[in-house]
Amino acid sequence: MNIMEKGAIIKYNPQKAPRTGDWAFMVPEVKKEKCVGCATCVQFCPEAAISMEHITRNPVKPDGHGASTEQKKKATVDYDFCKGCGVCATVCPNKAIIMKKK
Amino acid sequence: MNQELNKNFASGHSACAGCGFPTIVRTILNESKYPVVVANATGCLEVTSTLYPFTAWKVPYIHSAFENAGATISGIERAYKALKKKKNPPAGGKKIKFVAFSGDGGTFDIGLQALSGALERGHDFVYVVYDNGGYMNTGNQRSSATPYGANTETTPAGSKTIGKIETRKNLMEIVNAHGINYLAQANVAYLPDLKMKAQKAFETKGPSFLLVFSPCTNNWKFPTSQYVNIAKLATETNFWPLYEIEKGKYKINKIIENPKPIAEFLKTQGRFKHLFEKKNRKVLENIQEMVDEEWNRLVNLNK
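Chain order of the listed sequences is A and B.
Letter 100 of the first sequence, counting from 1, is numbered 100 in our numbering, and no numbers are missing.
Letter 181 of the second sequence, counting from 1, is numbered 181 in our numbering, and no numbers are missing.
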């Protein structure tokens, strides 16, 4: 016999998660060439909407050959959840994030 | 969304844009090496993270009432201890950490008695307060954590009064009087320091306590993008010193060489706007004196 009566339990469900992105009036835009990948914005984002993603580039050298693959970490914003508060743009040490009207 | 940060507390909660506490919750829970069970007092965190039928919590979570986060978490801890002795204990009888989150209203005022009881009984839990200095989700009523001179709904500033005329309750000393092993004051703008304190709190046997500074964009009246800067100023002006008390021994974690005048912190927020009127110049000086006095007290204890 179960001595403890089962209560109502609500499980976390990513499909049901409110898409708080529609709150946003301004949205951040990451200038990929300026982003140094320090991840300061990632930890301060109240929505945890920013992640560091590997971006692979193939810069062609001036002499035309020997293209190397360069991998860098850049901030990427999830606009489904970003409420557009602007904290990331404020804490960015390199001013690589700017706020733009949606 | 960031999967690593979303491990315990997910995106999709409805805290105001630019609020400080989601960062606190994530940072602290991510530092635990063991599975956690969370109890929550009523407050901004509770109403914004558990919007029926959705929950932002990926960890077991319970909310019962405003005043009893301490009692709830001690009940869970004791129940788990008892179940561990039985056959087939839940979670395989592994070590679990119990965490209570509460705002300053649910700790300084309403939940103080439940917290005191839990600390005295010595349950193995971590109690975290995100201190935004008032009852923010009901519209900025004063609490005993509201700083002196703040304009709130229930202590409005005007021609006859300067806002709240009482000083903040010193909760750190109240908790310290219970003789617990670890308690600390932290700030959301200093995350490495907060992580270090969270680790220490999780490692402590018996109760531990964290008081974390959490700016409120709506009712402190500042732009949504500024919570980190304002929290930083609070420590740089010595309004919110970072310190910890380990077995009764004080340690200041960050000593500011040339602390900024307190006006630098106050002028960033609309709730202190009236203090910058000519007639309130004396009040500003008073606040500076209070801050210096508190800092000197801490420095003396640090020796």
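All C-beta atoms, glycine included, are put in the ideal place defined by N, C-alpha and C.
Every value quoted in this text rests on a predicted model; they were computed, and no experiment measured them.
Worksheet item: How long is the line joining the alpha carbons of B/Q113 and B/A71, rounded to whole angstroms?
Response: Taking the second sequence and counting its residues from 1, one reaches residue 113 of chain B at position 113. Taking the second sequence and counting its residues from 1, one reaches residue 71 of chain B at position 71. The straight-line gap separating the alpha-carbon atoms of B/Q113 and B/A71 is approximately 9 angstroms.
Practice prompt. Return the CA-CA distance between A/H54 and A/Y12, expressed in angstroms with no decimal places.
Written response: Taking the first residue of the first sequence as 1, we reach residue 54 of chain A at position 54. Taking the first residue of the first sequence as 1, we reach residue 12 of chain A at position 12. Going from the Cα of A/H54 to the Cα of A/Y12 covers about 28 angstroms.
Worksheet item: Relative to chain A, which residues along the segment 229-247 of chain B have a C-beta separation below 8 angstroms, given in chain order?
Response: Hits within the stretch, in order: N229.
Discussion item. Please classify A/C92 as buried or exposed, where buried requires at least 16 other C-beta atoms within 10 Å of its C-beta.
Written reply: For the purposes of this step, residue 92 of chain A is identified with residue 92 of the first sequence, where counting begins at 1. By the neighbour-count rule (16 or more Cβ atoms within 10 Å), A/C92 is buried.
Discussion item. B/I24 and B/V188 - do their beta-carbons sit closer together than 8 angstroms?
Written reply: The count along the second sequence starts at 1 and reaches residue 188 of chain B at position 188. The count along the second sequence starts at 1 and reaches residue 24 of chain B at position 24. Taking 8 angstroms as the Cβ cut-off, B/V188 and B/I24 qualify as a contacting pair.
Worksheet item: Using the rule of at least 16 other Cβ atoms within 10 Å of the residue's Cβ for burial, across every protein chain shown, is B/S159 buried or exposed?
Response: Walking along the second sequence from the start, residue 159 of chain B turns up at place 159. The C-beta of B/S159 has fewer than 16 other C-beta atoms within 10 Å across all chains shown, which makes the residue exposed.
Item to complete: Please confirm if B/Q199 has its CB atom under 8 angstroms from at least one CB of chain A.
Response: Within the second sequence, the letter at position 199 stands for residue 199 of chain B. With its beta carbon at least 8 angstroms from every one in chain A, B/Q199 lies outside the interface.
Worksheet item: So A/F44 packs on A/V77, CB below 8 angstroms; how close in whole Å?
Response: Numbered from 1 along the first sequence, position 44 holds the residue referred to as residue 44 of chain A. Numbered from 1 along the first sequence, position 77 holds the residue referred to as residue 77 of chain A. At roughly 13 angstroms, the Cβ-Cβ gap does not stay under 8 angstroms, so A/F44 and A/V77 are not in contact.
Worksheet item: Under the three-state reduction of DSSP, which class applies to A/V91: helix, strand or coil?
Response: The residue given as residue 91 of chain A occupies position 91 in the first sequence. A/V91 falls in the helix class under three-state DSSP.
Item to complete: May I ask you to report which of helix, strand or coil DSSP gives A/D78?
Response: Numbered from 1 along the first sequence, position 78 holds the residue referred to as residue 78 of chain A. Reduced to three states, the DSSP call for A/D78 is coil.
Worksheet item: Which residues bound the beta strand (DSSP E) around B/K282?
Response: Start at 1 with the first residue of the second sequence, and residue 282 of chain B comes out as number 282. Run containing B/K282: none in the beta strand (DSSP E); it sits in the alpha helix (DSSP H), 281-302.
Worksheet item: Secondary structure at B/W220, three-state DSSP: helix, strand or coil?
Response: In the second sequence, the residue the question calls residue 220 of chain B occupies position 220. In the three-state scheme derived from DSSP, where H, G and I count as helix and E and B as strand, B/W220 is classed as helix.
Worksheet entry | Proximity winner among B/Y52, B/I180, B/Y148, B/N132, relative to B/T217 (alpha-carbon distances) | Translated into the one-based positions of the second sequence, residue 217 of chain B becomes position 217. Nearest option by C-alpha distance: B/N132.
Discussion item. For a contact defined as C-beta to C-beta under 7 angstroms, what are the partners of A/P93 on chain B?
Written reply: In the first sequence, counting from the first residue as 1, residue 93 of chain A sits at position 93. The contacting residues do not exist; A/P93 stays about 12 angstroms from chain B at best.
Discussion item. Need the endpoints of the beta strand (DSSP E) that B/D131 sits in, please.
Written reply: For the purposes of this step, residue 131 of chain B is taken as residue 131 along the second sequence, with counting starting at 1. B/D131 -> beta strand (DSSP E) spans 125-131.
Item to complete: For A/Y79, go through chain B and note every residue whose CB falls closer than 7 angstroms to its CB, in chain order.
Response: Residue mapping note: residue 79 of chain A aligns to position 79 of the first sequence, counting from 1. Here the premise fails: no neighbours, minimum Cβ distance about 11 angstroms.
Practice prompt. Starting from the Cα of B/L211, find the closest Cα among B/K205, B/K221, B/E173, B/E203 and give me that residue.
Written response: Taking the second sequence and counting its residues from 1, one reaches residue 211 of chain B at position 211. When only C-alpha atoms are compared, the closest one is B/E173.
Item to complete: Please state whether DSSP places B/Y34 in a helix, a strand or coil.
Response: Here the question's residue 34 of chain B lines up with position 34 in the second sequence. B/Y34 falls in the coil class under three-state DSSP.
Worksheet entry | Nonlocal neighbours in the same chain, by C-beta distance under 6 angstroms from B/V15, ignoring five residues either side | For the purposes of this step, residue 15 of chain B is taken as residue 15 along the second sequence, with counting starting at 1. A quick correction: the sequence has Ala, not Val, at residue 15 of chain B. Setting aside the 5 residues that flank it on each side, B/A15 is surrounded in the same chain by P22, T48, each with a C-beta closer than 6 angstroms to its C-beta; the list follows chain order.
Worksheet item: Looking at C-alpha atoms only, which residue of B/L45, B/L298, B/A41, B/P60 is the closest neighbour of B/P35?
Response: Reading the second sequence from its first residue, position 35 is the one you call residue 35 of chain B. From the listed residues B/L45, B/L298, B/A41, B/P60, the smallest Cα separation to B/P35 is found for B/P60.
Worksheet item: Is there a Cβ from chain A that is less than 8 angstroms from the Cβ of B/M136?
Response: Position 136 of the second sequence, counted from the first residue, corresponds to residue 136 of chain B. So, not an interface residue.
Worksheet item: Cβ of A/V27 less than 8 angstroms from any chain B Cβ?
Response: Here residue 27 of chain A is taken as the residue at index 27 of the first sequence, counted from 1. Taking Cβ atoms only, chain B never reaches closer than 8 angstroms to A/V27, which makes this a no.
Practice prompt. May I have the straight-line CA-CA distance separating A/K83 from A/A24, to the nearest angstrom?
Written response: On the first sequence, residue 83 of chain A is found 83 positions in, with the first residue counted as 1. On the first sequence, residue 24 of chain A is found 24 positions in, with the first residue counted as 1. The alpha-carbon atoms of A/K83 and A/A24 are separated by roughly 5 angstroms.
Worksheet item: Along chain B, in chain order, which residues have C-beta atoms closer than 7 angstroms to that of A/C85?
Response: Start at 1 with the first residue of the first sequence, and residue 85 of chain A comes out as number 85. Chain order gives the chain B residues near A/C85 as A17, G18, T224, S225, where near means a beta carbon separation below 7 angstroms.
Discussion item. Can you tell me whether B/G103 is helix, strand or coil according to DSSP?
Written reply: Position 103 of the second sequence, counted from the first residue, corresponds to residue 103 of chain B. Strand at B/G103.
Worksheet entry | DSSP-derived helix/strand/coil call for B/F213 | The count along the second sequence starts at 1 and reaches residue 213 of chain B at position 213. The three-state secondary structure of B/F213, taken from DSSP, is strand.
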